[in-house]
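> Position 226 (the sequence shown) corresponds to 231 in the numbering used here; numbering is contiguous. Note that beta-carbon positions come from the ideal geometry of N, C-alpha and C, so glycine has one too. Treat the numbers as computed from the prediction; the structure is a model and nothing was measured. Structure below; questions to follow.
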Amino acid sequence: MSVQVTEETFDSEVLERSQTVPVVVDFWADWCGPCKALSPALEKAETTRQGKVVLAKVDVDANPRLAALFQVQGIPAVKAFRNGHVVDEFTGALPPARVEAFFDSLVPSRADELLATGDELSLREAAELEPGRGDVAVALARARLARGAEAEALEAVKGHDGDFAAAGIAARVQLVRAGLCAEAFAALDRGEREGALDGLIAELGSLPSDGDAPAGDSSSNGAMTSGEARDLLRRAVVGILSELDPGDATARAYRRKLATALG
């Protein structure tokens, strides 16, 4: 059921409410034929999503300051708000299928909901629903690593080489199998990110410059050359750093340290 919004109620009905649920605002006028044509599609899209999206309607004639504030040049103008900001919009009477797609883009998918749940069973279902999602693959791999299932973790990120975090997890499994960096990854699991990065970069610096030289415990399953180990260490470090904001001071510092170690 759509809510009629005015200049006095806009902050509470739209900006504040959008902190918890997406709010779609329909800027319209009674004299506007396309507005009346679009309205049933908007209302149906809201109703079928059962409270996951709220539809608000603003009469631009009665609320001209709102129309000016949000730079409404023509109507119907539809703007989607999340966390108090416009995140998507369109102008004109779109066909129902495109209205449905617009609303779909605002509602978390089933995989999103399962990812937020976070347990391994939910993550496995999410991976089955959307197998191409790197974030789901990484979360599932971590859940499996937490119970020591390295082979299953590696399987979870298989095919996600383009995702830095996923590639980092795959590198981690291979390094540990070769007898390398177990303490650094244990530190990472304890939440000691900087300690883990220091350990990985120190290991990188200690490897022979000869790429064909052996690395790690030659008696372990998966022994490798120093060149292979250096590449895996690089991937592991990049994978960890990829989950930090690019402008983060820690990320910048460790990128410089990595570049120096790779020298």
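Is DSSP giving Val19 helix, strand or coil here?
In the structure shown, Val19 sits in a helix (DSSP, three-state: H, G or I).
> Just the Cα atoms here: how many angstroms apart are Arg270 and Pro251?
There is no way to answer for residue 270, as the model of the chain reaches only from 6 to 268.
> Just verifying my parser: in three-state terms, what is the DSSP assignment at Asp64?
It is a strand residue.
> Does the separation of the CB atoms of Ala106 and Ala42 fall below 8 Å?
Cβ distance not < 8 Å, so Ala106 and Ala42 don't count as in contact.
> In this structure, what does DSSP give as the bridge partners for Glu94?
DSSP output for Glu94 lists Lys84 as bridge partner(s).
> What's the call for Gly244, buried or exposed, on a 16-neighbour Cβ count within 10 Å?
Under this definition Gly244 is a buried residue.
> When DSSP labels each residue in this structure, what does Phe75 get in the three-state scheme?
Correct three-state label for Phe75: coil.
> In this structure, what does DSSP give as the bridge partners for Phe32?
Paired residues: Val63 and Ala82.
> According to DSSP, is Ala228 helix, strand or coil?
DSSP places Ala228 in coil when its eight states are reduced to three.
> Just tell me which of Leu119, Asp236 and Ile80 has its CA closest to the CA of Glu135.
Of the listed residues, the one whose Cα sits closest to Glu135 is Leu119.
> Check this for me: beta carbons of Glu12 and Arg70, under 8 Å apart or not?
In this structure, Arg70 lies closer than 8 Å to Glu12 by Cβ.
> Mind reading off the beta-carbon distance from Leu47 to Val29? Whole number of angstroms is fine, and I expect it under 8 Å.
Correct: roughly 7 Å between the Cβ atoms.
> Please determine, among Arg138, Arg129 and Gly164, the residue with the shortest C-alpha to C-alpha distance to Arg149.
Measuring from the Cα of Arg149, the nearest candidate turns out to be Arg129.
> What residues match up with Gln9 in a beta bridge as DSSP calls it?
For Gln9, which the question treats as bridged, DSSP gives the partners Lys62.
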